[in-house]
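Below: the structure, in structure tokens.
Protein chains: 4
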Amino acid sequence: MSPTQTGETDVADATGPAGGICPPKTARGQKTREALLRAAEKVFGEKGYYAASISEITQEAKVAMGTFYLYFKDKEDIFRALVAHMLELVRAHLRKHVAAAETQMDAERLGLKAFLSFVSRHKNLYRIVLDSYSVDETIYSSYFEVFAELYSRRLTRAEEQGEIVPGDAEVRAWCLIGISNFLGMRYARWKRPPSMEKVVDTAFDLIAHGLQPR
Amino acid sequence: MSPTQTGETDVADATGPAGGICPPKTARGQKTREALLRAAEKVFGEKGYYAASISEITQEAKVAMGTFYLYFKDKEDIFRALVAHMLELVRAHLRKHVAAAETQMDAERLGLKAFLSFVSRHKNLYRIVLDSYSVDETIYSSYFEVFAELYSRRLTRAEEQGEIVPGDAEVRAWCLIGISNFLGMRYARWKRPPSMEKVVDTAFDLIAHGLQPR
Amino acid sequence: MSPTQTGETDVADATGPAGGICPPKTARGQKTREALLRAAEKVFGEKGYYAASISEITQEAKVAMGTFYLYFKDKEDIFRALVAHMLELVRAHLRKHVAAAETQMDAERLGLKAFLSFVSRHKNLYRIVLDSYSVDETIYSSYFEVFAELYSRRLTRAEEQGEIVPGDAEVRAWCLIGISNFLGMRYARWKRPPSMEKVVDTAFDLIAHGLQPR
Amino acid sequence: MSPTQTGETDVADATGPAGGICPPKTARGQKTREALLRAAEKVFGEKGYYAASISEITQEAKVAMGTFYLYFKDKEDIFRALVAHMLELVRAHLRKHVAAAETQMDAERLGLKAFLSFVSRHKNLYRIVLDSYSVDETIYSSYFEVFAELYSRRLTRAEEQGEIVPGDAEVRAWCLIGISNFLGMRYARWKRPPSMEKVVDTAFDLIAHGLQPR
DNA sequence: AATGAATGAGGGTTCATTCAT
DNA sequence: TATGAATGAACCCTCATTCAT
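Residue numbers (my numbering), protein chains in the order written: chain V, 8 to 221; chain Z, 8 to 221; chain A, 8 to 221; chain B, 8 to 221.
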């Protein structure tokens, strides 16, 4: 799954002799751009957006400083591209693990579990997502909005199929996001972490009974 | 409720003109320190930690740059003090509104509502709490840990009194924090915000049924 | 031997509401001034003129910052007073130890030894003397000029009394100062320091034979 | 003789835009670095280490402030490099003038003279060497240790060849350094400077007779 | 005589971005 | 396409000195 280029497309008004950043035209250029994104994930993830410097990224990617600006407009641009990229990774991961679900609530359960397994392996994702709030509140919001819509759709469907008791899908969606988000964030950092099974069971029990028809 | 001085006490070895930060010895000094904290709340809240400069804070507080360093070691120090201060505010607000509750679940409901009303009036709290993650992950964590303990205790008590079905109190606590946190964060920014009544009802319904004995 | 007040007397043009620094009139004031000088010796000696701050001195002396300016015009003023004070100490020490000498060359020998013993007990003297060069070259020069005159007079007398071969007293004086100064500076810091006896013997042998009539 | 890079090599862990100070990779970079060192010699020499500011140095070198940090870690770093550079200059000068000497004591005489001629043309060297003491005592010490070894070796050889009476070479070395150092320092600043011939003759007479076999 | 809060100019340092090659 | 030197605005922080009490 290649990284999207959200950042660049937003800046049609880019000025400058070279006419702004354009997607790489050669295979070599493609390689360089990807190396920069990979480096950005590492550096932003480890040090945070503000503590990280572009030169650290270029060093990590083993290119010269000037090269950076051939592919990204500025520091924020690469960060946006990175967040979009990470979002894609999460969604792909969830899609894969939820595919086998037979009911909406089953999907919910599998999704929760998949999410926990994802973040426990990508702890840096959190640093990046949270940093996005200080960079530009809308990046942060849009990140979660993607999930809000996903959850809303699922809840609506579940309601239609009589799996759950009727209720405001949007509010419930935010509740579910809140649950998985906090569990995910805490899971990796727990003092004495309970087994993932147990976490998922406890949380899903709450959710399932909270929503089930009565 | 006066702001705690977490930050400063950690740095007894600080060097500086006056031999490091020392608590103000006169009433005038106390006033100045508080003015700086108030200014910091405004500036950090509006612009975010990294975009804010110390000189903005001192200008807002109407003191000279150097005065800042009489009371705080650096930008991070005042930020820590501020987070601690805000945490106190939230807790005091919750304490007040939950006092009247007769059952634990009643307390849960009142607390959720109180939290939403608090954050809808202190939108800056969010920016500050989220920024704390980039400043120092542990500030962020410790902020939520306070609530985790509060919720855990309440859930344990509820379980003892037969109000809810048995289950892991810690995991459930993080679920509840996730819910109130995300609802709080979204509530102020909702496109077409539903009434707070409705949000609280929907969320509490989920929680109450999710936990109730069966 | 009380510290001289070189600094203040040089600044008759001091301006300000209080009409400049005036020597303390009360016994209490005298005490405070001396405490400041003692503190200055410690702080300047340990950290160097530029690394030391006035607040360190006032803290060491256990007085408030403002008090400093009741007794000294500024940082440089107390430093000058301190150098003058130290110079007095050295001279007094030498005077005492040289008193018993019967010949000029005997005085030379005893003086060299006394100087080494003085600096090996007052290592900070060196830091202060050398710092004086960056503060104001003339402080440094005047410090050594005192010794140059002392040596010149002694050499002239020695020559008159036939103890030594005739020669330019001033140049020789600087040679002797150079010798005692460098030995003094090195003595305390020697890797495996030879006995002071040996150092003095070796150096005096060179000097005595270098100057003796032939 | 190019300046050594003592300072920089010590700080491999330096952080910074370009990942710390690295030796210039292009001829242009080399030029700039040298311009900075030349500027530093002028500015430090004229104003002293503490009174000099980095921006003065960069202005003198006609480069932007930021450029400084491409080649030097900080003010102290360039100062160390400068001292090392000056030391090289002195040694080269001495080597050249002493080469013709036939005996060790002849070398001593030529060296003394060469040293005086050097410092009378490079008066700033003194300010720099003396300032080095306040910057870091070890710079100052290491500067003189180079000469101590040089003198020690020469004296040992002289002794072996029967040119001088036996004695502790190290103590004598410090005596000789003291002499040339103080004469050098005073020579340029003498009120009514005696001819250099006379100074050298007087001092060498003292030294030669002080050491000659008897 | 003493206090300690307040001042603010001044300097060091960083780093995103540009530019010449 | 790539390089890496150069830029300079922006900001943090220090500390000698003044001032009100």
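Heads up, the beta-carbon is just placed ideally off N, CA and C, and yes, glycines get one too.
What first and last residue would you give for the alpha helix (DSSP H) that runs through Q168 (chain B)? Taking the fourth sequence and counting its residues from 1, one reaches residue 168 (chain B) at position 161. No alpha helix (DSSP H) contains Q168 (chain B), which DSSP labels as neither H nor E.
Counting C-beta neighbours from all protein chains within 10 Å, is the total for V153 (chain A) 16 or more, i.e. buried, or is it exposed? Position 146 of the third sequence, counted from the start, is the residue given in the question as residue 153 (chain A). With fewer than 16 other beta carbons inside 10 angstroms of its own, V153 (chain A) counts as exposed.
Counting only Cβ pairs nearer than 8 Å, list the residues of chain Z close to D138 (chain V). Taking the first residue of the first sequence as 1, we reach residue 138 (chain V) at position 131. Contact of D138 (chain V) with chain Z by beta-carbon distance below 8 Å involves Y140, S141.
Are the C-beta atoms of A42 (chain A) and some chain B residue less than 9 Å apart? Locating residue 42 (chain A) in the third sequence gives position 35, counting from the first residue. Cβ-Cβ to chain B under 9 Å: no for A42 (chain A).
Give the residues from the region 52-70 of chain Z that approach chain V closer than 9 Å (Cβ to any Cβ), ordered along the chain. The region 52-70 of chain Z vs chain V, Cβ under 9 Å: G55, Y56, Y57, A58.
Closest Cα partner of P173 (chain B) within the set B:Y78, B:D138, B:K205, B:Q219: Counting from 1 along the fourth sequence, the entry for residue 173 (chain B) is found at position 166. Nearest to P173 (chain B) by C-alpha distance, out of B:Y78, B:D138, B:K205, B:Q219, is B:Q219.
For I184 (chain V) versus E115 (chain V), is the C-beta distance shorter than 9 Å? Start at 1 with the first residue of the first sequence, and residue 184 (chain V) comes out as number 177. Start at 1 with the first residue of the first sequence, and residue 115 (chain V) comes out as number 108. Between I184 (chain V) and E115 (chain V), the C-beta gap is not smaller than 9 Å, which leaves the two residues out of contact.
E83 (chain A) versus A:T145, A:E95, A:A107, residue with shortest Cα-Cα distance: Numbered from 1 along the third sequence, position 76 holds the residue referred to as residue 83 (chain A). It is A:T145 whose Cα lies nearest to the Cα of E83 (chain A).
Do you know whose CA, among A:L132, A:H104, A:F79, A:Q168, lies nearest E53 (chain A)'s CA? Taking the first residue of the third sequence as position 1, residue 53 (chain A) is located at position 46. Nearest to E53 (chain A) by C-alpha distance, out of A:L132, A:H104, A:F79, A:Q168, is A:L132.
Does chain Z have any CB closer than 9 Å to the CB of D184 (chain V)? For the purposes of this step, residue 184 (chain V) is taken as the residue at position 177 of the first sequence. Note that residue 184 (chain V) corresponds to Ile in the displayed sequence, not to Asp. Under the 9 Å criterion on CB atoms, I184 (chain V) is classed as interfacial with respect to chain Z.
Along the region 98-131 of chain A, where does the CB come closer than 9 Å to a CB of chain B? Name the residues. Here the close residues number zero.
Assuming contact is defined by CB atoms lying nearer than 9 Å, are L89 (chain A) and I28 (chain A) in contact in what I supplied? Looking up residue 89 (chain A) in the third sequence gives position 82. Looking up residue 28 (chain A) in the third sequence gives position 21. For L89 (chain A) and I28 (chain A), no; Cβs fall outside 9 Å.
In this structure, does DSSP put Y133 (chain B) in helix, strand or coil? Taking the first residue of the fourth sequence as 1, we reach residue 133 (chain B) at position 126. In this structure, Y133 (chain B) counts as helix in the three-state DSSP scheme.
Which same chain residues end up closer than 7 Å to V50 (chain Z) when comparing Cβ atoms and leaving out the 5 residues on each side of it in sequence? Position 43 of the second sequence holds residue 50 (chain Z). Non-local C-beta neighbours of V50 (chain Z) in its own chain, meaning closer than 7 Å and more than five positions away in sequence, comprise A59, E63, I64, E67, ordered along the chain.
Residues of chain Z with CB closer than 8 Å to the CB of V178 (chain V), please, in chain order. Sequence index remark: in the first sequence, residue 178 (chain V) carries index 171 (1-based). Within 8 Å Cβ-Cβ: L190, P201, K205, V206, T209, A210.
If you measure from the beta carbon of A47 (chain Z) to each beta carbon in chain V, is any gap under 9 Å? Locating residue 47 (chain Z) in the second sequence gives position 40, counting from the first residue. It does not; no Cβ of chain V falls within 9 Å.
Output yes if chain B places a C-beta closer than 9 Å to the C-beta of L94 (chain A); else output no. Taking the first residue of the third sequence as 1, we reach residue 94 (chain A) at position 87. No, its Cβ sits nowhere closer than 9 Å to a Cβ of chain B.
Quick one: what's got a C-beta closer than 7 Å to L119 (chain V)'s C-beta in the same chain, skipping five residues either side? On the first sequence, residue 119 (chain V) is found 112 positions in, with the first residue counted as 1. Closer than 7 Å at the Cβ level, and outside the excluded window around L119 (chain V), lie S187, V207, A210, F211.
Tell me which same chain residues have a C-beta within less than 7 Å of the C-beta of F125 (chain A), skipping the five on either side of it? The residue labelled residue 125 (chain A) in the question sits at position 118 within the third sequence. Closer than 7 Å at Cβ, skipping near neighbours: V97, H100.
Roughly how many angstroms lie between the CA atoms of G217 (chain A) and A121 (chain A), to the nearest whole one? As a working note, residue 217 (chain A) is residue 210 in the third sequence. As a working note, residue 121 (chain A) is residue 114 in the third sequence. The C-alpha of A121 (chain A) is placed about 21 Å away from the C-alpha of G217 (chain A).
Using DSSP with H/G/I as helix, E/B as strand and the rest coil, what is G118 (chain B)? Your numbering for residue 118 (chain B) matches position 111 in the fourth sequence. Here G118 (chain B) sits in helix by DSSP.
Between which two residues does the alpha helix (DSSP H) carrying Q66 (chain B) extend? For the purposes of this step, residue 66 (chain B) is identified with residue 59 of the fourth sequence, where counting begins at 1. Here the alpha helix (DSSP H) through Q66 (chain B) covers 61-68.
Using the rule of at least 16 other Cβ atoms within 10 Å of the residue's Cβ for burial, across every protein chain shown, is T33 (chain B) buried or exposed? Against the fourth sequence, residue 33 (chain B) aligns to sequence position 26. By the 10 Å Cβ count, T33 (chain B) comes out exposed.
Could you work out which residues of chain B lie near L213 (chain A), taking near to mean beta carbons separated by less than 7 Å? Translated into the one-based positions of the third sequence, residue 213 (chain A) becomes position 206. R179, C182, G217, L218, listed in chain order.
Could you give the first and the last residue of the continuous alpha helix (DSSP H) run that contains K82 (chain Z)? Counted from its first residue, the second sequence places residue 82 (chain Z) at position 75. Segment 82-105, the alpha helix (DSSP H) holding K82 (chain Z).
Tell me the rounded alpha-carbon separation between S139 (chain V) and L190 (chain Z). Here residue 139 (chain V) refers to the residue found at position 132 when the first sequence is read from its first residue. Here residue 190 (chain Z) refers to the residue found at position 183 when the second sequence is read from its first residue. Answer to the nearest angstrom: the Cα atoms are 19 Å apart.
Cutting at 6 Å between CB atoms, please list the residues of its own chain near L165 (chain V), excluding the five before and the five after it. As a working note, residue 165 (chain V) is residue 158 in the first sequence. According to the sequence shown, residue 165 (chain V) is Ala rather than Leu. Cβ neighbours of A165 (chain V) beyond the five flanking positions: Q111, I171.
Hey, A195 (chain Z) and A155 (chain Z) are a contact pair by Cβ (cut 8 Å); roughly how many whole angstroms apart? The sequence position of residue 195 (chain Z) within the second sequence is 188, counting from 1. The sequence position of residue 155 (chain Z) within the second sequence is 148, counting from 1. In fact, because the Cβ distance is near 23 Å, the residues do not count as touching under 8 Å.
For W181 (chain Z), report the span of its alpha helix (DSSP H) as first-last. Here residue 181 (chain Z) corresponds to residue number 174 of the second sequence, with the count starting at 1. In the DSSP assignment, W181 (chain Z) falls within the alpha helix (DSSP H) that extends over 176-194.
Reduced DSSP secondary structure (H/G/I, E/B, other) of D143 (chain V): If you number the first sequence from 1, residue 143 (chain V) lands on position 136. Reduced to three states, the DSSP call for D143 (chain V) is coil.
Applying the 10 Å Cβ sphere with the 16-neighbour rule, what's the burial state of M72 (chain A)? Position 65 of the third sequence holds residue 72 (chain A). So M72 (chain A) counts as exposed.
Between F86 (chain B) and Y56 (chain B), is the Cβ-Cβ spacing less than 9 Å? Numbered from its first residue, the fourth sequence carries residue 86 (chain B) at position 79. Numbered from its first residue, the fourth sequence carries residue 56 (chain B) at position 49. Cβ atoms of F86 (chain B) and Y56 (chain B): closer than 9 Å.
Cβ of S187 (chain Z) less than 9 Å from any chain V Cβ? Taking the second sequence and counting its residues from 1, one reaches residue 187 (chain Z) at position 180. Yes, S187 (chain Z) counts as interfacial toward chain V.
Go ahead and pull the three-state DSSP assignment for Y56 (chain V). Here residue 56 (chain V) refers to the residue found at position 49 when the first sequence is read from its first residue. Assigned with DSSP and collapsed to three states, Y56 (chain V) falls in coil, not helix or strand.
Counting only Cβ pairs nearer than 7 Å, list the residues of chain A close to G73 (chain B). The sequence position of residue 73 (chain B) within the fourth sequence is 66, counting from 1. Within 7 Å Cβ-Cβ: nothing; G73 (chain B) doesn't reach chain A, min ~25 Å.
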